[in-house]
Structure formats: structure tokens, C-alpha cells
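One point on numbering: in this note's numbering, the residue at position 72 of the sequence shown is 77, and numbering is uninterrupted. Positions of the beta carbon are idealized from the N, C-alpha and C atoms, including for glycine. A quick note: this is a predicted structure, and the numbers were derived from the prediction, not measured.
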Amino acid sequence: MVPQLQVQEAYSFYRAYVLEYSRNKATVYEQYGFSLQGSIGSKDWEVFAAILLNDRARKGDGADLEHYEVKSATTGSSFEYQYHRNHGLDKLTGDRDVDHIFVARSKNYVDVEVWLIERTKMIPVFDRWLPELLQNYETVGRQRFRRSVTYGFVKSQGTLLLKISFGELSYSLETT
Numbered sequence: 006m007v008p009q010l011q012v013q014e015a016y017s018f019y020r021a022y023v024l025e026y027s028r029n030k031a032t033v034y035e036q037y038g039f040s041l042q043g044s045i046g047s048k049d050w051e052v053f054a055a056i057l058l059n060d061r062a063r064k065g066d067g068a069d070l071e072h073y074e075v076k077s078a079t080t081g082s083s084f085e086y087q088y089h090r091n092h093g094l095d096k097l098t099g100d101r102d103v104d105h106i107f108v109a110r111s112k113n114y115v116d117v118e119v120w121l122i123e124r125t126k127m128i129p130v131f132d133r134w135l136p137e138l139l140q141n142y143e144t145v146g147r148q149r150f151r152r153s154v155t156y157g158f159v160k161s162q163g164t165l166l167l168k169i170s171f172g173e174l175s176y177s178l179e180t181t
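Right under this line is the structure:
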């Protein structure tokens with residue numbers, strides 16, 4: 006089920022803390038040979054999603070928000086899930102219990118898509134990963150287990166909640 010969206014509040018956050026912030030840094034970055042890629046952190050996208058979905062940060066390990074796991078990547082790229090040795094099994098189990106938000110964005114942050122995939126569509130993915138995760142940690146010294154969800158999977162299984170094109174809000178899912 007799609008929650009009531011706070012589109013204008015999330016878009017205002019995006020304009021102030023993603024778009025303007027990255028534009029303000031662009032000249033300096035370019036002057037010294039850096040790209041903007043990576044200049045907006047995952048925490049910014051988590052806050053953006055929390056505002057959009059009217060959710061809050063989850064305390065401790067596990068999902069990013071109380072009801073959602075948030076992933077971000079450049080448009081067309083895969084979204085990485087990473088499970089650390091000490092909490093990987095708990096994290097994978099917890100990922101089964103929340104819906105998943107995928108933020109696909111352009112390298113310069115002017116184009117953004119926000120997709121929702123409900124947990125029921127993600128559970129088969131996590132079920133495939135579980136035996137691989139357990140086998141991975143049988144090797145002494147392995148600290149992480151990484152898997153990805155493709156952009157194509159997100160588009161085929163997800164619901165587009167919001168789209169920003171050229172820095173302007175161009176689509177938001179109507180919710181009632």
C-alpha cells in the first residue's frame with residue numbers, strides 16, 4: 006500500500022539541501038578536477054525519503070527508517086545491499102520486514118526518481134540471498150556480503166512515487 010506522500014515538503018528539502026547544495030559546490034569541484042558524484046550522501050536521501058513518506062529514522066541496526074529501507078544510486082545503476090559479518094543475518098531478516106525505497110538520480114542531481122517496492126515483492130530476492138550469505142560467512146575473514154538489485158528490477162516491480170526533471174517536480178503519485 007502506498008502511504009500518504011508529503012511531496013511538497015520533500016521537494017523543498019531536495020531544492021535546499023540537494024540541488025542548491027550541489028550547485029553551490031559544482032564550480033569549486035570542477036576547478037579542482039572533481040565530479041559532483043558522491044557529494045550528496047546516503048543520509049541525505051534517507052532524510053528526503055523520511056520527509057516524503059512521513060517516517061522517521063530507525064534506532065540501532067537494521068532498516069534506515071522505521072518502515073523503509075532506502076537505497077540510492079545513479080539512474081540505470083544497481084542498488085547495493087551490504088551485510089556485515091556480525092549483523093548480516095539480522096539485517097537480511099529485517100530487510101524482509103520493511104518496504105524498500107529506491108532513489109535513482111542523475112550524476113548532477115537534477116533528475117531524481119523515487120520508487121517503492123513493497124516487501125512482498127522483495128522477499129523472494131532475500132530468500133535467494135540467504136543461503137549465499139550463510140555460505141559467504143563460512144569463509145574465515147569474510148567481513149561483508151554484497152548483493153544488488155538492478156534498476157530494471159526496480160522499474161518493473163516498483164511504483165514510481167515521485168519524479169524530478171531538470172530540478173523541477175515533474176510527477177508525483179496521487180495518494181488518497
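Buried or exposed for glutamate 51, going by 16 or more other Cβ atoms inside 10 Å?
buried
Is alanine 68 helix, strand or coil by DSSP?
coil
How far does the alpha helix (DSSP H) with threonine 98 in it extend, from its first residue to its last?
93-100
Just curious, the beta strand (DSSP E) that threonine 125 is in, first and last residue?
Where threonine 125 is concerned, there is no enclosing beta strand (DSSP E), although the alpha helix (DSSP H) it sits in stretches over 124-141.
Specify the secondary structure class of phenylalanine 84 as computed by DSSP and reduced to three states.
strand
Exposed or buried, what is leucine 139 when buried is set at 16 or more other beta-carbons lying within 10 Å of its beta-carbon?
exposed
Going by Cα to Cα distance, which pick from Ser44, Ser83 and Thr98 is closest to glycine 157?
Ser83
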